[in-house]
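Chains A and B supply the protein sequences, listed in that same order. Take the first sequence: its position 185, counting from 1, is numbered 185 in this note's numbering, and each next residue is one higher. Take the second sequence: its position 204, counting from 1, is numbered 1204 in this note's numbering, and each next residue is one higher.
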Amino acid sequence: MKRLLMLLAAGFFLTSFFSVSLIQAETIKIPVASPFTGPLASFGEGVKNGALLKAEEINAGGGINGQQIEIVLGDELCDPKEAAAVATRFASDPKVAIVVGHLCSSATLAALPIYKEAGLAAITPASTNPEIGKSSPYYFRNVYKDDFQGDFLARYAKKVRNFKKIAIFYEVNDYAMGLKDAFVRQAKKLGLQVIGAEAYMSETIDFKASLSKFKMMRPDAIFIPGYAPQATLLISQARSLGIKCAFFGADGLDDEIMLKNPAADGLFVTTPFLVDRGGVMVKDFVERYRQKFAIEPNWFAANTYDAVGLAVAAIAAAGLDREKVRAYLAGISSEEKAYQGITGATYFDENGDCLKAAFVKVVKNGQWVSAEEQLQ
Amino acid sequence: MLAAILEQSSLFLQQLVNGITLGSIYALIAVGYTMVYGVIQLINFAHGEIYMMGAFLSFSLLSGFFGFGLPFGLAVVLSVLACALAGVLLDIVAYRPLRRAPRLAALITAIGMSIFLQNLALLIWGGQIQAFPQNSIPVFFSEPALLLGDVVISWLQVVILSTAIFLMLALHLIVHYTRIGRAMRAISQDKTAAALMGVNVDRVVSYTFAIGSGLGGVAGILVGLYYNAVYPTMGYFAGIKAFAAAVLGGIGSIPGAILGGGILGLAEVFGGGYISSSYSNGIAYAVMILVILVKPTGLFGRHQRDKA
């Protein structure tokens, strides 16, 4: 019985697949790969919505040289094995000239050699691992790298907040240590003093010993490269010890639990996109997004919206030839040639990594709000 | 110069307060290990999970997880009673049938119960860290009881320390001046002889589990409040630390467990504060290893031990 159902389901799936391609034989396919089901489906939802909204807009405006575009979703559950399978499917379709995806860095790294082998360009809207751009000339990135966040935070701390002395608590893992190293490197260049860096494990719950030590050194702020569950404990303990300095972190602290902690008021973190920043384009995007999906757009949606825009621009200029599409993207190499999207100006360095701004948001009365001063 | 000395001494004082608070929590958990070991020579590895249950039960009763919220005092008392009951049930279900089996069998069962309880909590409450709702705990807990220059002692730290001292004194009185305490001491000296003298061994063991688990539950609630974090694996790490404290003090000895907890807490905080937070656990365990090397039975080991 179960097998029969599976067969039926597979049959329906195949027929729907064929009927779509039969009816719309003239559409240009743009595959979007991300987790759309499974535990990280909520992240993928932003990706899907952003892509669909951009496609709708392009098609309403006449498509690419008169041809309509079609978003083909590839669900890979953020699983490297599934990502490789989805990548193979896209790479073996000769009508595919570019892929938008994947979301998780581990999935992107698994798909990367397959696209490279097939000579197929891909743009990830969300993977921040520094290795991605370096590993393939076919991979482009429409989001900042982890080391950029560390670098950016040092500049923001110094130039906007005018901090002088910073203490650091970092978790022992690749993500957090990369962030910390980038921060310290930039801080040194700027003359921002790092008075100490203490490590902790993911199972650490007591930070009072190191906090007491830092308290005597009177830092202006404490930087926490790590994740939200430990950071929320750390901040509460710091406040109970009477430490009044500021706290900040990167996207690892961008979590709902921070909003539930009254001690975290004033915490600021980096984010690639802010709803209330930017001009008419962003306002228009936010409005249409709310209208269509009845939720607020997050940064996954915004970055994917622009990544699909880049893919469309590449096909419009270079056609469906994979090599020409790659060459077009690689040619967007300076601020003058940049693609103007809702997340700012996107252009690529020699590794295909984009050099774009990060924004800062702050916890205020249990809500994330845009920081009043951003780093220009 | 004077300012520097002042600053250093206030840092020392602050670390001392942090260390004593942590140590008194370890001591409360360690006593549960050592009592059970003293009476039936079993290392109850599920004890850390009882402690975790204490934190989760009080969290649930306060936050309305079960559909109703209770006032703070009532929630705490009910959680502690539930932990005591859970300890007794644990013994009856998992350990009593194996009382005459080789000790290894009971030990493996204890590890199994630990894994079972941890996953049960994961199933009921989920894996993420949860915090007590702010309005459910007394406000004064987070206020400073003493502000001495840079040194801050919060009321919660005072509450933790005084609760620990009070419970230890009560335990001392129970073990030394009550019938059940005398029965515990008798069984720890010779189970067979005690049984022959008319001591109801099963009943005494149940009491031992109830008291030890109740103390573990209190520690769980205090830790949940102190760090404002409750999660299913919290018992695992705390359990290992407290077990180390019990061994350091000489397993089976109640004063040993208290002293062991204190030493471990102070070593961890001073190691983290003066050397590096990366080594704070390492330093705590190194102290334990050093003590065991010099005195293999622990500080209050076998020979002069006051078994209970």
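All C-beta atoms, glycine included, are put in the ideal place defined by N, C-alpha and C. Computed from a predicted model, the values in this text were never measured in an experiment.
Unbroken alpha helix (DSSP H) run spanning residue i, endpoints
i	result
SER135/A	131 to 135
LEU73/A	Counting along the chain, LEU73/A falls outside any alpha helix (DSSP H), though it belongs to the beta strand (DSSP E) covering 69 to 75.
SER1162/B	1155 to 1177
ILE195/A	Looking at the DSSP string, ILE195/A is not in any alpha helix (DSSP H); the run it does join, the beta strand (DSSP E), is 193 to 200.
GLY1272/B	Segment: none, GLY1272/B is in no alpha helix (DSSP H) and carries neither H nor E.
THR1233/B	Here THR1233/B belongs to no alpha helix (DSSP H), and DSSP marks it neither H nor E.
ILE1043/B	Where ILE1043/B is concerned, there is no enclosing alpha helix (DSSP H), given that its DSSP letter is neither H nor E.
THR271/A	Per DSSP, THR271/A belongs to no alpha helix (DSSP H); it is in the beta strand (DSSP E), 268 to 271.
PHE1209/B	1201 to 1227
ALA313/A	299 to 318
TYR339/A	Here TYR339/A belongs to no alpha helix (DSSP H); instead the beta strand (DSSP E) covers 339 to 341.
GLY1087/B	1072 to 1090
PHE148/A	146 to 155
Other residues of its chain near residue i: CB distance less than 8 Å, five sequence neighbours each side excluded
i	result
PRO1144/B	VAL1152, ILE1153, SER1154, TRP1155
SER92/A	ALA118
GLY1149/B	LEU1006, SER1010
ASP1091/B	VAL1205, SER1206, PHE1209
PHE1072/B	LEU1062, SER1136, ILE1137, PRO1138
HIS1172/B	ILE1254
7 Å CB neighbourhood of residue i in its chain, flanking five on each side removed
i	result
ALA338/A	ILE332, ALA345, THR346, TYR347
ALA1055/B	GLY1220, ILE1221, VAL1223, GLY1224, VAL1230, MET1234
LYS1295/B	GLY1301
ALA1106/B	LEU1042, TYR1095, LEU1098
VAL363/A	MET258, LEU259, ALA264, ASP265, GLY266, LEU267
GLU373/A	VAL160
CYS245/A	PRO219, ASP220, ALA221, ILE222
LEU355/A	TYR347, ASP349
MET1113/B	ALA1046, LEU1090, ALA1094
Beta-carbon proximity check, residue i vs residue j, cutoff 7 Å
i	j	result
GLN186/A	ALA231/A	no
ALA1219/B	TYR1051/B	yes
VAL86/A	ALA33/A	yes
VAL325/A	ALA314/A	yes
GLY1181/B	ILE1174/B	yes
ALA122/A	PRO80/A	no
ASN1044/B	ALA1101/B	no
ALA209/A	ILE168/A	no
ASP75/A	THR37/A	yes
PRO31/A	GLY44/A	no
TYR1227/B	LEU233/A	yes
VAL47/A	THR343/A	no
ALA301/A	ASN49/A	yes
Where the beta strand (DSSP E) containing residue i begins and where it ends
i	result
GLY29/A	In the sequence on display, residue 29/A carries Lys and not Gly. LYS29/A -> beta strand (DSSP E) spans 28 to 34.
LEU1146/B	1144 to 1148
ALA371/A	Here ALA371/A belongs to no beta strand (DSSP E), and DSSP marks it neither H nor E.
GLY344/A	344 to 346
ILE168/A	165 to 171
VAL363/A	359 to 364
ARG141/A	139 to 141
VAL99/A	98 to 100
PHE223/A	221 to 223
Own chain residues within Cβ distance below 6 Å of residue i, not counting five before or after
i	result
ARG239/A	ALA263
GLY150/A	LEU179, ALA182, PHE183
ASN1018/B	VAL1269
VAL275/A	VAL286
ALA1075/B	SER1058, LEU1061, LEU1062
ILE1020/B	none
GLY366/A	LEU259
PHE1243/B	TYR1033
THR88/A	ILE114
ALA176/A	TYR170, PRO225, GLY226
THR1297/B	GLY1250
Rounded distance between the beta-carbons of residue j and residue i, thought under 8 Å
i	j	result
ALA359/A	ARG277/A	Reading the sequence as shown, one finds Phe at residue 359/A and not Ala. With 8 Å as the limit, PHE359/A and ARG277/A qualify as a contact, their Cβ atoms being about 6 Å apart.
LEU1104/B	ALA1046/B	With 8 Å as the limit, LEU1104/B and ALA1046/B do not qualify as a contact, their Cβ atoms being about 16 Å apart.
ILE379/A	ILE71/A	A query on residue 379/A cannot be resolved here, the shown segment of chain A reaching from 1 to 376 and no further.
Any non-hydrogen atom of the ligand FMN closer than 6 Å to residue i Cβ
i	result
PRO1071/B	Looking at this structure, you won't find the ligand FMN or any other ligand, since it has none at all.
Original post:
Using 8 Å as the Cβ pair cut-off and three pairs as the minimum, do the segment 309 to 316 of chain A and the segment 97 to 109 of chain A touch?
Top reply: By the Cβ rule, the segment 309 to 316 of chain A counts as touching the segment 97 to 109 of chain A, because three or more pairs are nearer than 8 Å.
Original post:
Do the segment 1207 to 1220 of chain B and the segment 1070 to 1087 of chain B meet, that is, are 3 or more Cβ pairs less than 8 Å apart?
Top reply: yes
Original post:
Is the segment 1232 to 1250 of chain B close to the segment 1002 to 1021 of chain B, with three or more CB pairs under 8 Å?
Top reply: no
Subject >> the segment 177 to 193 of chain A touching the segment 1248 to 1266 of chain B, judged by at least three CB pairs closer than 8 Å >> reply: no
Subject >> the segment 282 to 296 of chain A in contact with the segment 1009 to 1027 of chain B per 3-pair CB rule at 8 Å >> reply: no
Original post:
Given 8 Å as the limit, is there contact between the segment 244 to 257 of chain A and the segment 220 to 235 of chain A, that is, 3 or more CB pairs closer than that?
Top reply: yes
Original post:
Are there three or more Cβ pairs, one per stretch, closer than 8 Å when the segment 1281 to 1290 of chain B is compared with the segment 1262 to 1273 of chain B?
Top reply: yes
Subject >> Stretch pair the segment 159 to 167 of chain A + the segment 132 to 145 of chain A: three plus CB contacts closer than 8 Å >> reply: no
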